[in-house]
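>
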Amino acid sequence: MKTLLVISPRFPPINAADMHRVRHSLPHFEQYGWEAEVWRVNPAFVERERDPLLVETLPDAVDVRTVEALNPKWTRFMGLGNVALRSLPSYVWQGSKRLAQGDVDLVYFSTTAYPVTILGRYWKRRFGVPYVIDMQDPWHTDYYVGKPREEQPPKFWFSYRLNKYLEPVAMRGVDGIVSVSQGYCDTLQGRYANVTPEVCAVIPFGAAEVDFEVMEESGVSQPFIDPDDDTIDIVYAGRGGHDMEKAARGIFGALRRGREEHPSLFKRVRMHFVGTSYAPAGEGEKTLEPIAEQCGVGDAVTEYTDRIPYFQSLRLLRDADHLVVPGSDDPDYTASKLYPYILSRRPVLAVFNQNSSVVDILRETRAGTAVTFNGATTTEDLSRRVVDAWTPMLERLPYSPGTDWKAFQPYTAKAMTRRQVEIFDRVVSQQ
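For what it's worth, numbering that gives the first Met the number 0 labels the leading residue of the sequence shown as 0, then goes sequentially.
1. In three-state terms, what does DSSP make of methionine 134?
2. Pull up the CB-CB distance for glycine 240 and threonine 378, whole angstroms please, since I reckon it's below 8 Å.
3. Can you tell me the Cα-Cα spacing of lysine 1 and proline 409, whole angstroms?
4. For the alpha helix (DSSP H) containing lysine 154, list its first residue and its last residue.
5. Serine 86: beta carbon under 8 Å from a heavy atom of the ligand NAP?
6. Select from Tyr113, Ser24, Arg39, Val40 the residue whose C-alpha is nearest the C-alpha of tryptophan 33.
7. Measure from the alpha carbon of arginine 171 to the alpha carbon of each residue in Ala200, Ala207, Leu118, then state which is nearest.
8. Counting only runs of 4+ residues fully inside the region 396-425, write out the alpha helix (DSSP H) ranges in chain order.
9. Secondary structure at serine 89, three-state DSSP: helix, strand or coil?
10. Under the rule that 16 or more other beta-carbon atoms within 10 Å means buried, what is alanine 319, buried or exposed?
11. Hey, would you say asparagine 14 sits closer than 9 Å to leucine 57, going by beta carbons?
12. What residue from Val177, Pro196, Leu393 has the CA that sits closest to aspartate 185's CA?
13. What are the start and end residues of the alpha helix (DSSP H) that includes threonine 301?
14. Just list the residues that DSSP pairs arginine 97 with in beta bridges.
15. Based on the DSSP secondary-structure assignment, which residues constitute the bridge partners of glycine 297?
16. For a test of the three-state rule: what should DSSP assign to glycine 175, helix, strand or coil?
17. If we call anything under 9 Å between Cβ atoms a contact, is aspartate 210 one with leucine 342?
18. What residue range is occupied by the uninterrupted beta strand (DSSP E) comprising glutamate 259?
19. Straight-line CA distance for valine 300 to phenylalanine 272?
20. By a C-beta neighbour count over all protein chains shown, 10 Å radius and 16 as the cutoff for buried, is serine 356 buried or exposed?
21. Run through DSSP, which three-state label would asparagine 352 get?
22. When we look at the beta-carbon of tyrosine 164 and count the other beta-carbons within 10 Å, is it buried (16 or more) or exposed?
23. Taking the alpha carbon of serine 86 as the point to measure from, which residue in Val103, Ala112, Gly78 has its own alpha carbon closest?
24. Under DSSP, the beta strand (DSSP E) around serine 109 begins and ends at which residues?
25. What residue from Arg418, Val426, Val347 has the CA that sits closest to tyrosine 31's CA?
26. Do you know offhand how far glycine 175's Cα is from phenylalanine 251's?
27. What's the call for phenylalanine 10, buried or exposed, on a 16-neighbour Cβ count within 10 Å?
28. Proline 400 to alanine 200, Cα distance in whole Å?
29. Which term fits tyrosine 433, buried or exposed, when burial requires 16 or more other beta carbons within 10 angstroms of its beta carbon?
30. If you count every other CB in all the chains shown that lies within 10 Å of the CB of tryptophan 473, and 16 or more means buried, which is it?
31. Just the Cα atoms here: how many angstroms apart are proline 279 and glutamate 48?
32. Go to valine 66, then tell me how far its beta strand (DSSP E) extends in each direction, as first and last residue.
33. Which residue's Cα is closest to the Cα of arginine 160: Thr140, Tyr309, Val177?
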């Protein structure tokens, strides 16, 4: 049995999108010959919502170890909130002591708190242990360069320069890349000579039906919609952002068209966008509801920016009449949240860049309808195609999609864990 040291700063009970790959993989690592230790940051020093039910989805014998971090209550006075930077000294100290024992075969960084990954190169030089990085989002990216300040992430000036310096430190020694997008791999291969196609593997997040089982057994409820009323409640649970403007305008433009062309049907529609900001509770900026107002359908659209507990979001998906997923104008954006949408067994309408993997997955599994766009697509054309796809879906309600669950099997957590382990085995065999 080989030993895997997993660095995942945000881990249950913390409710964060970047810990789901590890959480879903833990029940399966052992059967593929790997024993995992997960090293997280003390939840008391992680500024994210908590969901205690997440702990119940972990294997009983899971080895979770905790490192400390600088208290954000104090570091915020200096403008420092990044959990990777606050925890870096503790990871250096505790991780080095662990690796000095000599029985760790591989370090696996599965997190979007990317600055912590620079430790992989340090530990590799000191202890000879290889490392793999999971690229769930872009790290250093020019996507926001030149965009209006209000469309840039907070502290973009600082983070852009920090990432530009730190990414090469981590990438020039990396032994393997697991990525949710081929585009991320292509970018890294263009920057670093050691990141070759053989080093990279595109592996989406896996789907875990056990999450819905835990949700049902726990009796979780949600306060956003009444599944028994006469409205058609359409739900999106996930982040918003200015990069989703094109998809949002297509959706809200379609809603306006539908109200004009099929008033008895579309005037029953109420759209709910929940958990759209990563900002602290009460401080999030609405990025979708203002577009709905500009499109003339603000009375039918509600945006709730605060993040909500993970299992409450699953309950919301299950209680909805219909689900919608707006995509980014970035073609590499994959929306790992897609799998809970499919597992909810509710009709799904996705509006995505034509090059996104979401489009292929929906079409292969027949789990939903994808309307695509590219850089040349006009809002007028997109809204027309959205309403044409949307109308028959609404007319058919209520129904469950005819998902091809056999075609869905390659996207399960077990299948995705096996693909990760193939990377681990290859890296270790080359040492």
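Glycine included, each C-beta is placed from N, C-alpha and C at the ideal position.
Based on what the coordinates show:
1. strand
2. Incorrect: roughly 17 Å between the Cβ atoms, too far for contact.
3. 25 Å
4. That residue, lysine 154, is in no alpha helix (DSSP H); it is neither H nor E in DSSP.
5. Among the components of this structure there are no ligands whatsoever, and the ligand NAP is therefore not found.
6. Ser24
7. Leu118
8. 404-407
9. helix
10. buried
11. no
12. Pro196
13. Per DSSP, threonine 301 belongs to no alpha helix (DSSP H); it is in the beta strand (DSSP E), 300-303.
14. The partner list for arginine 97 (beta bridge, DSSP) is empty, contrary to what the question assumes.
15. According to DSSP, which records beta bridges pairwise, glycine 297 is partnered with nothing at all.
16. strand
17. yes
18. Careful: glutamate 259 lies outside any beta strand (DSSP E), inside the alpha helix (DSSP H) at 244-260.
19. 8 Å
20. buried
21. strand
22. exposed
23. Ala112
24. 105-109
25. Arg418
26. 41 Å
27. buried
28. 30 Å
29. This structure does not reach residue 433, given that the chain is present from 0 up to 430, and the question cannot be answered.
30. The question about residue 473 has no answer, for the chain in this structure spans 0 to 430.
31. 9 Å
32. 62-66
33. Thr140
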